[in-house]
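Undergrad: Numbering (my numbering), first residue to last: 76 to 269. Cβ atoms here follow ideal geometry from the backbone N, Cα and C, with glycine treated the same way.
Right, dumping it as structure tokens:
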């Protein structure tokens, strides 16, 4: 028979540390959401212009005053495309709905390889996260458009099985502010899929 001695002080400290970690995690989630709201207010952005796509299957919001231009493409891969631009013309981008892919990550890897051949790209980074309960890939990179004119790109790919939703944001690297990442994510979080 083996006797195990438990140091009550160490166990107590471990329990307290775990409790504090869980509490801090909960507080950080609330803080993150409040920080996004503060950033939107600070940048005078109100997400109010509502867009409905694919006969009401999904909807999203863009900031009030942004201009949009919906386009139709031949073929059946891109089901919806809407270009947008901020009122100060600093942020450009688009929202798209694509026919679903069996493996969205493989599609993104292939797209990266094609882009690297066709364009000057650096600082490419892909992360996966969850937005509104859907697996989402966030792709960030710098792209040289012309004559050392670099743009910071944030692209979100939300996998819904039958379709995937793409939000792309582009801004000149010299105009980029760290708060833009939170603004872009707040816009993407307005996506509602029925």
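(1) Would DSSP call residue 164 helix, strand or coil?
(2) Is residue 183 helix, strand or coil when you go by DSSP?
(3) Could you say if the stretch 190 to 198 and the stretch 213 to 228 meet the contact criterion of at least three C-beta pairs nearer than 8 Å?
(4) Can you tell which of 230, 246, 245, 247 has its C-alpha closest to the C-alpha of residue 239?
(5) Taking the alpha-carbon positions, what's the residue 177 to residue 236 distance?
(6) Taking all protein chains shown into account, do 16 or more other C-beta atoms lie within 10 angstroms of the C-beta of residue 143, making it buried, or fewer, making it exposed?
(7) List, from N- to C-terminal side, the beta strand (DSSP E) runs of 3 residues or more that fit wholly inside the stretch 174 to 241.
(8) Around the Cβ of residue 148, are there at least 16 other Cβ atoms within 10 angstroms (buried) or fewer (exposed)?
(9) Quick check on residue 161: buried or exposed, where buried means 16 or more other Cβ atoms within 10 Å of its Cβ?
(10) Taking the continuous beta strand (DSSP E) assigned at residue 143, which residues delimit it?
(11) What does a CB cutoff of less than 6 Å around residue 270 pick up in its chain, not counting 5 residues either side in sequence?
(12) Considering only their Cβ atoms, is the gap separating residue 221 from residue 245 smaller than 8 Å?
(13) With a threshold of 16 other CB atoms inside 10 Å of the CB of residue 181, please say whether the residue is buried or exposed.
(14) Cβ atoms of residue 141 and residue 124: under 8 Å apart, would you say?
(15) Starting from residue 149, follow the alpha helix (DSSP H) in both directions and report where the run begins and ends.
TA: The structure says:
(1) The answer is coil: DSSP assigns residue 164 none of H, G, I, E or B.
(2) The three-state secondary structure of residue 183, taken from DSSP, is helix.
(3) Taking a cut-off of 8 Å on C-beta distances, the stretch 190 to 198 touches the stretch 213 to 228, as three or more cross pairs fall below it.
(4) The residue among 230, 246, 245, 247 with its C-alpha nearest the C-alpha of residue 239 is 230.
(5) Distance from the CA atom of residue 177 to the CA atom of residue 236, rounded to whole angstroms, is 8 Å.
(6) Exposed is the call here.
(7) Whole beta strand (DSSP E) segments, 3+ residues: 195 to 206, 209 to 221, 224 to 234.
(8) Classification for residue 148: exposed.
(9) Counting the other Cβ atoms within 10 Å of the Cβ of residue 161 gives 16 or more, which makes it buried.
(10) Here the beta strand (DSSP E) through residue 143 covers 142 to 146.
(11) Because residue 270 is not part of the residues shown, which for the chain are 76 to 269, the question remains open.
(12) No.
(13) Exposed, since its Cβ has fewer than 16 Cβ neighbours within 10 Å.
(14) The criterion of a C-beta distance shorter than 8 Å is satisfied by residue 124 and residue 141.
(15) It is not in any alpha helix (DSSP H) - residue 149 carries neither H nor E in the DSSP assignment.
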